[in-house]
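Mapping to full-length UniProt numbering: the sequence shown position 125 is 125, numbers consecutive.
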Amino acid sequence: MDHPAALHRIQVGVPATVEHSSEAGPETAKWVAETTQWFITFADALKLGMRAKDQLHPHLQELVTSYARFKGSKDWEGRSKMVGWLITLNGMKASEQLTEEQVRQLSFDIEHAYGEFLRSLSSKEDHS
């Protein structure tokens, strides 16, 4: 049998309801704060030298879940990069570590996604 949607769900590691963004609503301010918190937490984890899947995956999964709440986020480049990193981490054993090159690229991708997220906050069309 060929089930590409199921395979994608397993690779990403988050439910479809999380992967597909929600509409903006009364909890948007809370979501902005939570998403910002997860960006900072994940960036700090990388700066503190965390490299293993079991150290990074929970933080990245929470970040992607939080990020996915925003309308239009499915079209943001940063989201696809973060989902790609989730897939990479999901394919690793808990004790496996990212290489320095991977960490550098991951840091770059997270910083880019954070900048994109912040820019979206000043755009009314992303919150309507």
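Beta carbons: idealized from backbone N, C-alpha and C, even for Gly.
Put simply, of W38, W31 and L121 the residue whose alpha carbon is nearest the alpha carbon of L60 is W38.
In terms of Cβ geometry, L89 and V64 do not form a close pair [threshold 8 angstroms]. Cα atoms of K93 and A33: separation of roughly 31 angstroms, rounded to the nearest angstrom. Under the criterion of beta carbons closer than 8 angstroms, E96 and A52 qualify as touching, at roughly 7 angstroms.
Taking C-beta atoms as the reference points, S66 and T28 fail to come closer than 8 angstroms.
By the neighbour-count criterion, in which a residue is buried when 16 or more other Cβ atoms sit within 10 angstroms of its Cβ, F108 is exposed.
A residue is called buried once 16 or more other Cβ atoms fall within 10 Å of its Cβ, and G49, having fewer, is exposed. Rounded to whole angstroms, the separation of the alpha carbons of G72 and W31 is 14 angstroms.
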